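J.: Can you read through this structure? Questions will come right after.
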Amino acid sequence: MILVTLGTQDKSFIRLLKEIDNQITLGNIKEKVIAQVGYTQFKSDNMKVYEYFSEEDLKKYMQKASLIITHGGIGSVLNALSYNKKIIAFSRLSKYKEHINDHQVQIVNKFAEEGYILTGKISDLSNLLKKVKNFTPKEYKPNNVKFNNMIIKFIEEE
C-alpha cells in the first residue's frame with residue numbers, strides 16, 4: 012500500500028494528486044493507494060481519498076505503507092521518517108498558489124541531499140517510482156537534546 016499525505020495546509024495540491032492518479036492509470040503504480048488530501052478537492056476511481064485521518068489512523072497507515080508520498084511540510088516529512096519508510100516528497104510551490112512561499116523546496120532538498128528521501132519535480136514521478144525501488148533511505152535519528160538546546164540558547168539571547 013502507498014500512502015499519500017498532504018498534511019493540513021489550507022491550500023490545494025491538486026498537481027500532485029493528478030500525477031499520482033495518472034501514474035496509476037498508466038500502470039506505473041500497481042499497489043493500493045490511500046490519500047489524505049486535506050483541503051484539496053479531489054475525486055478518483057483509482058485511489059481511496061480522505062480529507063483527514065485521526066492520529067491513530069495515520070500511524071496505522073504509515074506503519075503499513077511500502078512507500079509514503081508526501082508534500083514538503085516539515086511535520087509530514089519528519090513523521091514519515093520516524094517510521095523508516097521510503098519517502099518521495101514534493102514541494103508545494105507559491106507560483107501555483109500551493110503555499111505562500113517556497114520554503115518546502117529547501118526542506119525536501121536538504122533531506123534528499125542527506126539521503127533520507129527522494130524528491131524532484133512532480134513531472135518526474137514516473138522516474139522517482141522506478142528509483143525508489145532500489146533506494147535505501149538513511150535511518151533518521153531525532154536529536155531532541157540538540158534541538159532543545161538550540162531553542163534555549165535562542166530564548167536566552169532574546
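Per my numbering, the sequence shown runs over residues 12 to 169.
C-beta atoms are modelled at their ideal positions from N, C-alpha and C, and glycine is treated no differently.
The structure presented is a predicted model; accordingly, all values stated were derived computationally and were not measured.
(1) How big is the Cα-Cα spacing for K71 and K108?
(2) I85 and I118: beta carbons closer than 8 angstroms?
(3) Around the C-beta of I111, are 16 or more other C-beta atoms found within 10 angstroms, so that it is buried, or is it exposed?
(4) Please go through the same chain and pick out, in chain order, the residues whose beta-carbon is closer than 8 angstroms to the beta-carbon of P153, but skip the five residues on each side of it.
(5) Leaving aside the five residues before and after A100 along the sequence, list all residues of the same chain whose C-beta is less than 6 angstroms from its C-beta, in chain order.
(6) Can you tell me whether V143 is helix, strand or coil according to DSSP?
(7) Restricting to Cα atoms, I'd like to know which of E124, I40, K141 is closest to N57.
(8) Would you identify the three-state DSSP class for H114, choosing helix, strand or coil?
(9) Is it the case that the Cβ atoms of K59 and I79 are separated by a distance below 8 angstroms?
T.: Checking against the coordinates, here is how it stands:
(1) In the sequence shown, residue 71 corresponds to position 60, counting from 1. In the sequence shown, residue 108 corresponds to position 97, counting from 1. When only Cα atoms are considered, K71 and K108 end up about 31 angstroms apart.
(2) Within the sequence shown, the letter at position 74 stands for residue 85. Within the sequence shown, the letter at position 107 stands for residue 118. Cβ distance < 8 angstroms, so I85 and I118 count as in contact.
(3) By one-based count along the sequence shown, residue 111 stands at place 100. Answer is exposed; the Cβ neighbour count stays below 16.
(4) Within the sequence shown, residue 153 is the residue found at index 142, counting from 1. Counting only residues of its own chain and dropping the five nearest sequence neighbours on each side, P153 has a CB closer than 8 angstroms to the CB of L89, S93.
(5) Locating residue 100 in the sequence shown gives position 89, counting from the first residue. When the five nearest sequence neighbours on each side are left out, the beta carbons in the same chain lying within less than 6 angstroms of the beta carbon of A100 are those of T81, G83, V88, V119, I128, T130, in order along the chain.
(6) Along the sequence shown, one-based indexing puts residue 143 at 132. Three-state result, V143: helix.
(7) Along the sequence shown, read from residue 1 onward, the residue named residue 57 stands at position 46. The shortest C-alpha separation from N57 is found at I40.
(8) By 1-based counting over the sequence shown, the position of residue 114 is 103. H114 falls in the helix class under three-state DSSP.
(9) Here residue 59 corresponds to residue number 48 of the sequence shown, with the count starting at 1. Here residue 79 corresponds to residue number 68 of the sequence shown, with the count starting at 1. Contact check for K59 against I79 fails: the beta carbons are separated by 8 angstroms or more.
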